[in-house]
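Each protein sequence line maps, in turn, to chains V and P. Take the first sequence: its position 77, counted from the start at 1, is 77 in the numbering used here, and no numbers get skipped. Take any residue in the second sequence, note its place counting from 1, add 294, and you have its number in the numbering used here. The C-beta atom is built at its ideal place from N, Cα and C for all residues, glycine as well. See below for the structure under consideration.
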Amino acid sequence: MASLKELKIRIGSVKSTQKITKAKQMVAAAKLRKAQAAAEAARPYSSRLEAVVASLASKIAGGSGEGASPLLAGTGKDDVHLLVVANSDRGLAGAFNANIVKAARAKADELIEQGKTVKFYLIGRKGRPVINRMYPGQIVAQYDTTGAKQPGYDQAHAIAGELTDMYLNGKFDVAHLFYSRFKSALAQIPTEQQIIPVRIPADADRNAIAATVEYEPSEEAILDDLLPRNVAIQLFKALLENNASEQGASMTAMDNATRNAGDLINKLTIQYNRSRQAAITTELVEIISGAEAL
Amino acid sequence: MALHFELVTPEKLFRSEDVYQVVVPGTDGDFGVLEGHAPFMSTVRDGSIQIYATAGSTPEIIPVEGGFAEVNEKGLTVLAEKAG
Numbered sequence: 001m002a003s004l005k006e007l008k009i010r011i012g013s014v015k016s017t018q019k020i021t022k023a024k025q026m027v028a029a030a031k032l033r034k035a036q037a038a039a040e041a042a043r044p045y046s047s048r049l050e051a052v053v054a055s056l057a058s059k060i061a062g063g064s065g066e067g068a069s070p071l072l073a074g075t076g077k078d079d080v081h082l083l084v085v086a087n088s089d090r091g092l093a094g095a096f097n098a099n100i101v102k103a104a105r106a107k108a109d110e111l112i113e114q115g116k117t118v119k120f121y122l123i124g125r126k127g128r129p130v131i132n133r134m135y136p137g138q139i140v141a142q143y144d145t146t147g148a149k150q151p152g153y154d155q156a157h158a159i160a161g162e163l164t165d166m167y168l169n170g171k172f173d174v175a176h177l178f179y180s181r182f183k184s185a186l187a188q189i190p191t192e193q194q195i196i197p198v199r200i201p202a203d204a205d206r207n208a209i210a211a212t213v214e215y216e217p218s219e220e221a222i223l224d225d226l227l228p229r230n231v232a233i234q235l236f237k238a239l240l241e242n243n244a245s246e247q248g249a250s251m252t253a254m255d256n257a258t259r260n261a262g263d264l265i266n267k268l269t270i271q272y273n274r275s276r277q278a279a280i281t282t283e284l285v286e287i288i289s290g291a292e293a294l
Numbered sequence: 295m296a297l298h299f300e301l302v303t304p305e306k307l308f309r310s311e312d313v314y315q316v317v318v319p320g321t322d323g324d325f326g327v328l329e330g331h332a333p334f335m336s337t338v339r340d341g342s343i344q345i346y347a348t349a350g351s352t353p354e355i356i357p358v359e360g361g362f363a364e365v366n367e368k369g370l371t372v373l374a375e376k377a378g
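Take a look at the structure:
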């Protein structure tokens, strides 16, 4: 049985932990609203760009398919896969980062089994130790996001530029992006998406743009201009979703932690009071029996 | 008699309103879009979009960077990387 003093210290320490988790929970709740709004604000642009790229691409692919940008047509090989893993920079978000890394690992193991080469490109700090341990030497680059509070389009643009350069220099053939899709504050879904080459949905509406549309300069030129932008916007969307997911996961995890701390404090307080009472009773018995003996 | 005009950036839906005419800096030259323009698609060079709320009014000028304009039966949509 722990002594009274030990119990008191223990209660104090749990209380201060609870203060931290409570504060983090409130911060996450405030940030979540902002992050969610940002993710929603980005939707019109990405969905419109996606629609245009899909219809243009299916049009060109349906035609000759010659001279199409490698971002669309691929390199003709399927040997080197780059896994772009977007994590957060901070912890205290429950299983948020672990889930993304888990999804990436499943994909990596599957690809390695098929005899492909797997490389990693990391966004954010948290995934690095695990991936570095599991796949030593396979991390080719890391993009540092610690400087910015909110993911901005400039970041996505910079990452997309780096990826496109690596791709055009033949460093990899296919790029997959891993991030957490924000469904609600309670549910975040680790998601995999192929970003290079662009995957055209099979059911893309080929008639979305009527045949009478005029193009300036030309369909190919427009598509060449849009494809790199599409990569950037997909990344941007992923970063925003990830940010919202992180705050959501953090809020839920911290809510749980705060509640657990509360339960623990209650339990410890009861224990403390019991042993205090026991001590008092013992003392009384001693005094009374001492007085009787006289 | 109005043209529905939308200016969208990755960060947000920048503008969505009915206007009289919009002049867009296309890669191959500026072009003005009025209501009932034929379907059209063009890349946009860095420059300024001029928005005329009514015929003959002073245009509102919004600088844009890197983008893409699409005219369809619903109106004009400009996707820009940066605006304002």
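Bounding residues of the beta strand (DSSP E) (the contiguous stretch that carries residue i)
{"i": "R199/V", "result": "R199/V -> no beta strand (DSSP E), and no H or E assigned at all."}
{"i": "G124/V", "result": "Counting along the chain, G124/V falls outside any beta strand (DSSP E), and DSSP gives it neither H nor E."}
{"i": "L370/P", "result": "369 to 377"}
{"i": "N366/P", "result": "354 to 366"}
{"i": "P326/P", "result": "The sequence given here places Gly at residue 326/P; Pro does not occur at that position. That run of the beta strand (DSSP E) goes 323 to 327."}
{"i": "T337/P", "result": "334 to 338"}
{"i": "V213/V", "result": "First-last for V213/V: undefined, no H or E at that position."}
Alpha helix (DSSP H) segment containing residue i, residue limits
{"i": "A2/V", "result": "That residue, A2/V, is in no alpha helix (DSSP H); it is neither H nor E in DSSP."}
{"i": "Q247/V", "result": "219 to 293"}
{"i": "G341/P", "result": "Run containing G341/P: none in the alpha helix (DSSP H); it sits in the beta strand (DSSP E), 341 to 346."}
{"i": "Q315/P", "result": "That residue, Q315/P, is in no alpha helix (DSSP H); its beta strand (DSSP E) goes 315 to 320."}
{"i": "F96/V", "result": "96 to 113"}
{"i": "Q155/V", "result": "153 to 168"}
{"i": "L72/V", "result": "70 to 73"}
Interface flag, residue i vs chain V, CB-CB below 8 Å
{"i": "D340/P", "result": "no"}
{"i": "L307/P", "result": "yes"}
{"i": "P357/P", "result": "no"}
{"i": "A347/P", "result": "no"}
{"i": "E311/P", "result": "no"}
{"i": "E329/P", "result": "no"}
{"i": "D322/P", "result": "yes"}
{"i": "V372/P", "result": "no"}
{"i": "V302/P", "result": "yes"}
{"i": "S336/P", "result": "yes"}
{"i": "F299/P", "result": "no"}
Selection from the options that minimises the alpha carbon distance to residue i
{"i": "A29/V", "options": "G262/V, A185/V, L235/V, S289/V", "result": "A185/V"}
{"i": "S218/V", "options": "V302/P, S310/P, T321/P, L297/P", "result": "T321/P"}
{"i": "Y45/V", "options": "R339/P, E375/P, N366/P", "result": "E375/P"}
{"i": "I159/V", "options": "D144/V, K171/V, Q150/V", "result": "D144/V"}
{"i": "Q234/V", "options": "Q247/V, N256/V, L163/V", "result": "L163/V"}
{"i": "A148/V", "options": "A141/V, I123/V, K171/V", "result": "I123/V"}
{"i": "A103/V", "options": "S245/V, V85/V, A221/V", "result": "V85/V"}
{"i": "S336/P", "options": "L56/V, N97/V, F172/V, D173/V", "result": "L56/V"}
{"i": "A23/V", "options": "S289/V, I196/V, M254/V", "result": "M254/V"}
{"i": "G74/V", "options": "K59/V, N169/V, I139/V, Y135/V", "result": "N169/V"}
{"i": "N242/V", "options": "E220/V, V118/V, A39/V", "result": "A39/V"}
{"i": "G161/V", "options": "P228/V, V101/V, D224/V", "result": "P228/V"}
{"i": "L240/V", "options": "K31/V, A35/V, S3/V", "result": "A35/V"}
{"i": "E166/V", "options": "I196/V, I11/V, E192/V", "result": "Rather than Glu, the amino acid found at residue 166/V in this sequence is Met. When only C-alpha atoms are compared, the closest one is I196/V."}
Below-8 Å beta-carbon distance, residue i vs any chain P residue
{"i": "Y45/V", "result": "yes"}
{"i": "A33/V", "result": "Before going further, note that residue 33/V is Arg rather than Ala in the sequence given. Answer no: the Cβ-Cβ gap between R33/V and chain P never drops below 8 Å."}
{"i": "D165/V", "result": "no"}
{"i": "E241/V", "result": "no"}
{"i": "A210/V", "result": "Because A210/V carries a pLDDT of 49, less than 50, the predicted location of this residue cannot be relied on, and no value is offered for it."}
{"i": "P299/V", "result": "There is no way to answer for residue 299/V, as the model of chain V reaches only from 1 to 294."}
{"i": "I233/V", "result": "yes"}
With 16 other Cβ atoms within 10 Å as the buried cut-off, status of residue i
{"i": "H176/V", "result": "buried"}
{"i": "L291/V", "result": "Checking the displayed sequence, the identity of residue 291/V turns out to be Ala instead of Leu. Under this definition A291/V is an exposed residue."}
{"i": "P129/V", "result": "exposed"}
{"i": "P357/P", "result": "exposed"}
{"i": "T313/V", "result": "Residue 313/V lies beyond the stretch modelled for chain V, which goes from 1 to 294, so this question has no answer here."}
{"i": "E364/P", "result": "buried"}
{"i": "G76/V", "result": "exposed"}
{"i": "D173/V", "result": "buried"}
{"i": "S58/V", "result": "buried"}
{"i": "A279/V", "result": "exposed"}
{"i": "R33/V", "result": "exposed"}
{"i": "L226/V", "result": "buried"}
{"i": "I9/V", "result": "exposed"}
{"i": "V285/V", "result": "exposed"}
Cβ-Cβ distance between residue i and residue j below 8 Å
{"i": "T252/V", "j": "G127/V", "result": "no"}
{"i": "I355/P", "j": "F299/P", "result": "no"}
{"i": "Y179/V", "j": "P304/P", "result": "no"}
{"i": "H157/V", "j": "L111/V", "result": "no"}
{"i": "T269/V", "j": "Q18/V", "result": "no"}
{"i": "G248/V", "j": "Q188/V", "result": "yes"}
{"i": "V327/P", "j": "G361/P", "result": "no"}
{"i": "A261/V", "j": "V27/V", "result": "no"}
{"i": "P190/V", "j": "N99/V", "result": "yes"}
{"i": "V318/P", "j": "F325/P", "result": "yes"}
Short CB-CB distance (under 8 Å) between residue i and chain B
{"i": "I100/V", "result": "The structure shown contains no chain B; its protein chains are V and P."}
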